[in-house]
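**Student:** Position 266 (the sequence shown) corresponds to 266 in UniProt numbering; numbering is contiguous. Ideal placement from N, C-alpha and C gives every residue a C-beta, glycine not left out.
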Amino acid sequence: MDLFEFSLTRTGDAAGERNLLLVQSSSNENATKGVFCFLSDILGKKVYGQDYAVIGKVIDLTARSGDGHPEIDALVLTRNGTILYFPSQEIDLLGLARSRKFIIAEDHSTPASPPGRHFLVRETLLDKQIVDINGAKVEGVNDVRILFCAKGAPFIDSVDVGFTGLLWRMGWEVRLRRLVRILMVGKQLKDELIAWKYVQPLPERVAGPIHINLRHEQIKALHAGELADIIEDLDRDERISLVQSISAEHAAEALKEADIDVQASILRDLDSGLAADILEEMEPASAVDVIDKLPVDTQQTIMAAMEEEDRARLEPLVRAEENTAASLMTVDFLSCPATFTVTRTLEYIRRNADEVESINYVYCMDEEDRLAGVASLRDLLLSGSDAVLLDIMNRRLAVLRSCDDWESVANQFLKYCFKALPVIGDDGSLQGIVTFKHSFDELLNYYHRLAS
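(1) For the stretch 341 to 361 against the stretch 402 to 410, are there 3 or more C-beta pairs whose distance is under 8 Å?
(2) Give the secondary structure of I42 by DSSP, where H, G and I count as helix, E and B as strand, and everything else as coil.
(3) Just to confirm, is the Cβ distance from A420 to F440 under 8 Å?
(4) Only counting the same chain, and skipping five residues up and downstream in sequence, which positions put a Cβ closer than 8 Å to that of E204?
(5) Enumerate in chain order the residues of its own chain whose CB-to-CB distance from Y416 is below 7 Å, with the five nearest sequence positions on each side excluded.
(6) Ends of the beta strand (DSSP E) at F440?
(7) Classify L443: buried if its beta carbon has 16 or more other beta carbons within 10 angstroms, exposed otherwise.
(8) Around the Cβ of T124, are there at least 16 other Cβ atoms within 10 angstroms (buried) or fewer (exposed)?
(9) Measuring only the C-alpha atoms, how far is F155 from H69?
(10) Using DSSP with H/G/I as helix, E/B as strand and the rest coil, what is L94?
(11) Jot down the residue ranges of each uninterrupted beta strand (DSSP E) in the stretch 100 to 139, minimum 3 residues, whole runs only, in chain order.
(12) Straight-line CA distance for C364 to F413?
(13) Span of the alpha helix (DSSP H) holding L225?
(14) Select from S65, S358, G140, M306 the residue whose C-alpha is nearest the C-alpha of P115.
(15) Beta-carbon separation of G95 and F102 under 8 Å?
(16) Would you call the CB atoms of F119 and T82 closer than 8 Å?
(17) Using DSSP with H/G/I as helix, E/B as strand and the rest coil, what is R378?
(18) How close, in whole Å, do the beta carbons of E283 and T330 come, if the pair is a contact with beta carbons under 8 Å?
(19) For F418, which beta-bridge partners are listed by DSSP?
(20) Is it the case that the stretch 300 to 307 contacts the stretch 388 to 398, given that we only count it when at least three CB pairs across the two stretches are under 8 Å?
(21) Taking all protein chains shown into account, decide if N142 is buried (16 or more other Cβ within 10 angstroms of its Cβ) or exposed.
(22) Quick one: is Q129 buried, meaning 16 or more other Cβ sit within 10 Å of its Cβ, or exposed?
(23) How would you label L430, buried or exposed, when you count the other beta carbons within 10 angstroms and need 16 or more for buried?
(24) Name, in chain order, the residues that DSSP records as bridge partners for A195.
(25) If you compare alpha carbons, which of L334, I55, A338, D369 is closest to A353?
(26) In terms of DSSP beta bridges, what is F333 paired with?
(27) Quick check on this structure: which residue in S109, W196, S408, G162 has the alpha carbon closest to the alpha carbon of V121?
(28) Roughly how many angstroms lie between the CA atoms of S358 and D289, to the nearest whole one?
(29) Would you check if the distance between the CB atom of L267 and the CB atom of A254 is smaller than 8 Å?
(30) For F6, count neighbouring Cβ atoms within 10 angstroms of its own Cβ and tell me buried if that reaches 16, exposed if not.
(31) If you draw a straight line from the C-alpha of A248 to the C-alpha of I231, how long is it?
(32) Given this structure, state the Cα-to-Cα distance separating D366 from N445, to the nearest angstrom.
(33) Is the beta carbon of A150 closer than 8 Å to that of D73?
(34) Which partner residues of P87 appear in the DSSP bridge assignment?
(35) Under a Cβ-count criterion, where at least 16 other Cβ atoms within 10 Å of its own Cβ denotes burial, should G432 be classed as buried or exposed?
(36) Tell me whether the beta-carbon of P422 lies closer than 8 Å to the beta-carbon of L371.
See the structure below:
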């Protein structure tokens, strides 16, 4: 049954019967009919026995978790402080939603929860934040819509994140709809629904863990900037839950786009091993920026959890003096012997491009591993395949020293308009590079001052 081929028509007064929605599939001749109701139509209802004694008051529903739409499998009742579960197949759930006083023939309630993987619908979703994958943003859930069909168990079809969902729960929607019709002729309040297909409950909020592969694949498909926006909108626990649910590589890409204080807050609260994995996936200069925001003891714990090679790359940058070229430097760059041919150099770039952020330049080293020149990607593409770097590289170098102050760095970028500048030691060895992109925010004030 394809929920995106449904045509919806209300079976009663739109203002007075929000729970009665007829659904009919338009995709084939054997149309499937069903009716929607909302979770708020069921919560708080009392279930009575034949003797009119209260069997229990509905405080939640349970739903089976899986790869598709969660199916409702039980009502959660409370009676004299005791929690009871009433199998949904033993009760007319839609009748309960419609009725003011619902009487059943036989009490099937039990203290035992339903078997299998399930979660509490109200506790998990209502008033909680969810990630709207389709809109790439965080939404608050005001209600949950449940679909009843002729065959099969009722299931969660979508969540209501609109103002009307909140009004309905508060008992104000009917009056407000009428007021809108009177004051704004032709206007109607519309429900804002997100199909379950596009909903990813945050893991920390799920009573019994829901693992829906499609949802996680959709989160992975989000642009890092979109995911960063979502992360910034969440509270502390939700940020941690979301970051823990994705790979370290994806988390690193997203956090790089988030506010630096948000990055530090998340890494501070994560397990040191996971925090180390994320920092290892970051471009070194970005990783150091975050590390500098952490308390010293947290820095030491996370650094100790890193792979030895990654720790060795970052430690010199962490120890660098503030407001110097070294503090802006990254140790991820492409360098190779100046005796390489263009063909061999391009092969080297292809093999290592994923390991560096910038491939604008290849730094050419002499036999003593000192910086001898630089070749741009343009130089390589315009040269013959057998040409040697020694013959095409630029030997007139604009270089930085690790102790150069930020004003000197800004002046070099303004003077030469390079996308990156090499940082060399006293012996001519290449210690790292400063990229214009990464250093821009720190040097912006100097650019203004020098330009004026």
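**Tutor:** To lay it out plainly:
(1) no
(2) The residue you call residue 42 lines up with position 42 of the sequence shown. Three-state result, I42: helix.
(3) Sequence index remark: in the sequence shown, residue 420 carries index 420 (1-based). Sequence index remark: in the sequence shown, residue 440 carries index 440 (1-based). Their beta carbons are not under 8 Å apart, which means A420 does not touch F440 by this criterion.
(4) Residue 204 sits at position 204 when you count from the first residue of the sequence shown. Caution applies to E204, whose pLDDT of 47 falls short of 50 and renders its modelled position unreliable; the model cannot decide the point.
(5) In the sequence shown, the residue the question calls residue 416 occupies position 416. Counting only residues of its own chain and dropping the five nearest sequence neighbours on each side, Y416 has a CB closer than 7 Å to the CB of A398.
(6) Residue numbering aside, residue 440 sits at position 440 when the sequence shown is read from its first letter. Unbroken run through F440 is the alpha helix (DSSP H), 436 to 451; no beta strand (DSSP E).
(7) Locating residue 443 in the sequence shown gives position 443, counting from the first residue. Flag for L443 reads buried.
(8) For the purposes of this step, residue 124 is identified with residue 124 of the sequence shown, where counting begins at 1. Classification for T124: buried.
(9) In the sequence shown, counting from the first residue as 1, residue 155 sits at position 155. In the sequence shown, counting from the first residue as 1, residue 69 sits at position 69. Straight-line Cα distance between these residues: approximately 6 Å.
(10) As a working note, residue 94 is residue 94 in the sequence shown. Looking at L94 - three-state DSSP - the assignment turns out to be helix.
(11) 118 to 120, 129 to 132
(12) For the purposes of this step, residue 364 is taken as residue 364 along the sequence shown, with counting starting at 1. For the purposes of this step, residue 413 is taken as residue 413 along the sequence shown, with counting starting at 1. Their backbone Cα atoms lie some 20 Å apart in a straight line.
(13) Numbered from 1 along the sequence shown, position 225 holds the residue referred to as residue 225. According to the sequence displayed, residue 225 carries Gly and not Leu. 224 to 233 is the extent of the alpha helix (DSSP H) around G225.
(14) One-based indexing of the sequence shown puts residue 115 at position 115. Each of S65, S358, G140, M306 was checked against the Cα of P115, and the nearest Cα belongs to S65.
(15) Numbered from 1 along the sequence shown, position 95 holds the residue referred to as residue 95. Numbered from 1 along the sequence shown, position 102 holds the residue referred to as residue 102. It is a contact, given that the beta carbons lie within the stated cut-off.
(16) For this step, residue 119 is matched to residue 119 along the sequence shown. For this step, residue 82 is matched to residue 82 along the sequence shown. Contact flag unset, no.
(17) Indexing the sequence shown from 1 puts residue 378 at position 378. Of the three classes helix, strand and coil, the one that applies to R378 here is helix, per DSSP.
(18) Taking the first residue of the sequence shown as position 1, residue 283 is located at position 283. Taking the first residue of the sequence shown as position 1, residue 330 is located at position 330. That belief holds up - the Cβ atoms of E283 and T330 are roughly 6 Å apart, short of 8 Å.
(19) Taking the first residue of the sequence shown as 1, we reach residue 418 at position 418. The partner list for F418 (beta bridge, DSSP) is empty, contrary to what the question assumes.
(20) Output reads no: the stretch 300 to 307 does not touch the stretch 388 to 398.
(21) Here the question's residue 142 lines up with position 142 in the sequence shown. Buried, since its Cβ has 16 or more Cβ neighbours within 10 Å.
(22) Residue numbering aside, residue 129 sits at position 129 when the sequence shown is read from its first letter. Under this definition Q129 is a buried residue.
(23) Your numbering for residue 430 matches position 430 in the sequence shown. With 16 or more other Cβ atoms within 10 Å, it is buried.
(24) By 1-based counting over the sequence shown, the position of residue 195 is 195. Answer is S158.
(25) Mapped onto the sequence shown, residue 353 falls at position 353. Cα-wise, what sits closest to A353 is L334.
(26) Taking the sequence shown and counting its residues from 1, one reaches residue 333 at position 333. DSSP, once it has assigned bridges, lists no residue as partnering F333.
(27) As a first step, residue 121 is located in the sequence shown; it is residue number 121 there, counting from the start. Minimum Cα distance to V121 is reached at W196.
(28) Taking the sequence shown and counting its residues from 1, one reaches residue 358 at position 358. Taking the sequence shown and counting its residues from 1, one reaches residue 289 at position 289. Distance between the alpha carbons of S358 and D289: 18 Å.
(29) What you label residue 267 is simply residue 267 of the sequence shown in a count that begins at 1. What you label residue 254 is simply residue 254 of the sequence shown in a count that begins at 1. Cβ atoms of L267 and A254: not closer than 8 Å.
(30) The residue labelled residue 6 in the question sits at position 6 within the sequence shown. Note that F6 scores 29 on pLDDT, short of 50, meaning its location in the model is unreliable; the coordinates nonetheless yield the value given after this. Of the residues assessed, F6 falls on the buried side of the cut-off, its CB having 16 or more other CB atoms within 10 angstroms.
(31) Your numbering for residue 248 matches position 248 in the sequence shown. Your numbering for residue 231 matches position 231 in the sequence shown. Cα-Cα distance, rounded: 15 Å.
(32) In the sequence shown, residue 366 corresponds to position 366, counting from 1. In the sequence shown, residue 445 corresponds to position 445, counting from 1. Each residue's alpha carbon lies about 37 Å from the other.
(33) In the sequence shown, residue 73 corresponds to position 73, counting from 1. In the sequence shown, residue 150 corresponds to position 150, counting from 1. Result no, Cβ atoms of D73 and A150 do not sit closer than 8 Å.
(34) Residue 87 sits at position 87 when you count from the first residue of the sequence shown. For P87, which the question treats as bridged, DSSP gives the partners A74.
(35) Locating residue 432 in the sequence shown gives position 432, counting from the first residue. G432 should be labelled buried.
(36) Residue 422 sits at position 422 when you count from the first residue of the sequence shown. Residue 371 sits at position 371 when you count from the first residue of the sequence shown. At the C-beta level, P422 and L371 come within 8 Å of one another.
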